[in-house]
């Protein structure tokens, strides 16, 4: 919808109090005549593609109480004249291109209750006077380029209910002047992620009895995590991941239940000792990439409220408890990879009808996928790589019609790859490398429209590469940079760890995104020619057909693969010219044709 504001405000709107033109096209700027709407108290223009700086016509609206201009292209500095908005209570300028310093004149708006400057390019120091605004309860300036020091003692007179400064250049100082803060500063949300915090968690937090969310991830905090932190009476979300904490954590963690998932994230620290046995009101727990030892307590699997368990990258051994996925709990996410777990996959996991993401990769598990898994029809990711599973391809996988990621690499599976793989229409990533699969590649695999990453290398497959490759729609064009499966609880999805051989080196994709595409059928006995339609896969950055018995001419269509960064055709018997065009050379960084006849 297009609105001509210039024509609209050519007449006087002196009695207009409420104006919401969000997500309409209003032209590049707001008209100067807007200043004549002297009665305006509410003005919202989100997503209107407004450009330029904030016009003076807005800052002259002295009765304005609410101003929100989110998701526009507003640039320049916050005008000093903002102080003229003496009635303003709510100011939101999220996701624009604002630059420069935050003017101290904003501290003259004594009526201000809500200030959100997230996702801009603001620089300089945070004016300390903002923290002292008498009515300000919400302050967020995430994703800017602010710098300077912010001593915690500056908050001593603040009445902020939410304060958020994640991912800035700010350095938050843990000083010794925190005791006076307690009486007036009682926030519910405190976020200082990536704010260069150092030292131990101060007792400053122990008296924040209203605190519901504490996010201090990606700092340089160290020492032991104090036990009292887990006993704060209102706390429902705690994120201390990516720090240098060490020592043990209490055997009992109690969070306050709330309308939102209760989260405990202590990943990527140096914590050790056993896994806690009692988790009360904990919906999501992430203890991955620490030094926890021992077995997984059976009590963890018996928690009715648990929705996500991540224990990957520790030193945990023993079996997977039978208590997981009992009828009393609903568990969508279970990550136990990169440990020393042994034994078989418990049949009780077949009760997990809500299970979406299961990662048991890089352990010492044996057996195969139990038949009881046929009930887990909601599964979208199954990662069993790097274990000691054996036998034929698990037939129960045919039931996983929602499956997006399948990783069985590095096991002892054998026999043929079943045709039903071609019926898993949602499959995006297929990794079957380093097994003993034999016979030919099923043609149905090449009809999977959503497939973007396939590696079948280091098996005993034979026969030709299937001719019909046009069905691989996701590989025929470059993909947007969005995360696969990045939907549960809005947590960062670390994804299935994928091993690929590209540019002559073995690499691991720890995070899997929708723009990660590739085609690897190297290291077995494929014969015949390279299909002409290989050139249709012009969205993939790497192609590895090495260590086969491919013959005949290298198809010229390879020169049409404009996204190609790594091409490995070595150890074959190919002939003809290298079909590399100038367009291909723009991206191609690795080319191997060695031990072949070209």
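In this note's numbering, the protein residues as written are 243 to 840. Glycine included, each C-beta is placed from N, C-alpha and C at the ideal position. Small disclaimer: the values here were computed from a predicted structure and weren't measured.
- For residue 479, the uninterrupted beta strand (DSSP E) segment begins and ends at 479-481.
- For residue 607, DSSP records a beta bridge to 585.
- Under the criterion of beta carbons closer than 8 angstroms, residue 288 and residue 312 qualify as touching, at roughly 4 angstroms.
- The residues 768, 769 and 770, in chain order, have a CB closer than 7 angstroms to that of residue 706 in the same chain once the five nearest residues on each side in sequence are set aside.
- Sorting 572, 258, 326 and 401 by C-alpha distance to the C-alpha of residue 377 places 401 at the top.
- In the DSSP assignment, residue 541 falls outside any beta strand (DSSP E) and lies within the alpha helix (DSSP H) extending over 540-543.
- Looking at 623, 351 and 346, the one whose alpha-carbon comes closest to that of residue 333 is 351.
- Considering only 788, 772, 627 and 813, the residue with the shortest C-alpha distance to residue 800 is 772.
- About 6 angstroms separates the beta carbon of residue 430 from that of residue 404, a gap short enough to meet the 8 angstroms contact definition.
- When DSSP states are grouped into helix, strand and coil, residue 686 belongs to the helix group.
- Look at residue 350 here: in three-state DSSP terms it is helix.
- A residue is called buried when at least 16 other Cβ atoms come within 10 angstroms of its Cβ; residue 599 meets this threshold and is buried.
- By the 16-neighbour rule on beta-carbons within 10 angstroms, residue 643 is exposed.
- Per DSSP, the continuous beta strand (DSSP E) segment holding residue 552 begins and ends at 550-552.
- Assignment of beta-bridge partners to residue 625 by DSSP yields 601 and 649.
- Closest by C-alpha distance to residue 347, out of 322, 409, 607 and 524, is 322.
- Under a 10 Å Cβ-count criterion, residue 371 is classified as exposed, with fewer than 16 other Cβ atoms of the shown protein chains found around its own Cβ.
- Counting C-beta pairs closer than 8 angstroms gives three or more between the stretch 668-680 and the stretch 693-704, which meets the contact rule.
- Distance from the CA of residue 662 to the CA of residue 634, rounded to the nearest whole angstrom, comes to 14 angstroms.
- Note: residue 697 is bridge-paired with 673 and 762 in the DSSP secondary-structure output.
- For residue 435 and residue 527, the gap between their C-alpha atoms comes out near 18 angstroms.
- In terms of Cβ geometry, residue 463 and residue 491 do not form a close pair [threshold 8 angstroms].
- Apart from sequence neighbours up to five positions away, the residues of its chain that approach residue 790 with a beta-carbon distance below 6 angstroms are 768 and 814, ordered along the chain.
- Within the stretch 251-288, complete beta strand (DSSP E) segments of at least 3 residues are found at 260-262 and 284-286, given in chain order.
- Taking 8 angstroms as the cut-off, the beta carbon of residue 534 is found no closer than this to the beta carbon of residue 551.
- The beta carbons of residue 695 and residue 671 sit closer together than 8 angstroms.
- Per the coordinates, the alpha-carbon of residue 792 lies some 6 angstroms from the alpha-carbon of residue 816.
- Within 10 angstroms of the beta-carbon of residue 254 lie fewer than 16 other beta-carbons, which makes it exposed.
- Sequence-distant Cβ neighbours of residue 481 in its own chain, meaning closer than 6 angstroms and more than five residues away, are 457, 459 and 507.
- Secondary structure at residue 813: coil, using DSSP grouped into helix, strand and coil.
- In this structure, residue 511 lies near residue 487, with their beta-carbon atoms less than 8 angstroms apart.
- The C-alpha of residue 335 lies about 29 angstroms from the C-alpha of residue 500.
- By the CB criterion at 8 angstroms, residue 273 and residue 299 fall inside the cutoff.
- In the structure shown, the three-state DSSP call for residue 617 is helix.
- The C-beta distance from residue 657 to residue 676 rounds to 15 angstroms, too long to meet the 8 angstroms contact threshold.
- Secondary structure of residue 775 (DSSP, three-state): helix.
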